[in-house]
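Take a look at the structure below.
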Amino acid sequence: MEELIVFEVDSSTTDFVIVDADFIHHRGLYQKSCFCVDAQYNKAIRINSGKVLGRKINQNTWLLQANVSMLDFKDTATVNQEKILTIN
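For what it's worth, this note's numbering labels the leading residue of the sequence shown as -14, then goes sequentially.
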């Protein structure tokens, strides 16, 4: 199983902060993804609160810190991660 946090930022930015209601503007989504048929997986849920910070380290690498929450009719999830993302 894989967990994804997806959002949009301007391609020319070198750092950003997305907080709470800003996720609407940045189209913030959370998704659990797997090769299974269970309905709770592979369905994107809108992020409704939290914070994502990003800082560009070089042309293809970002330092990301995320602590976000999503509310679904069935359950609530909270994700707290710090990752370095390299774009190929």
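C-beta: ideal position from N, C-alpha, C; glycine also. Here the structure is a predicted model, which is why all the values come from computation and not from measurement.
Helix or strand or just coil, what does DSSP make of PHE8?
Counting from one through the sequence shown, the residue named residue 8 turns up at place 23. Correct three-state label for PHE8: helix.
Three-pair Cβ contact test at 8 Å for the region 40 to 48 versus the region 6 to 23
The region 40 to 48, when compared against the region 6 to 23, does not touch it at the 8 Å Cβ threshold.
Selection from LEU38, GLN50, SER34 that minimises the alpha carbon distance to ALA6:
Translated into positions along the sequence shown, residue 6 becomes position 21. It is SER34 whose Cα lies nearest to the Cα of ALA6.
At the 8 Å Cβ level, is ILE3 part of the contact set with chain C, yes or no?
Although the question refers to chain C, the structure presented lacks it and comprises just one protein chain.
Taking LEU14 and ILE30 to be in contact with their CB atoms under 8 Å, please state how far apart those CB atoms are, rounded to whole angstroms.
As a working mapping, residue 14 is identified with position 29 in the sequence shown. As a working mapping, residue 30 is identified with position 45 in the sequence shown. The beta-carbon separation of LEU14 and ILE30, rounded to 7 Å, stays under the 8 Å limit for a contact.
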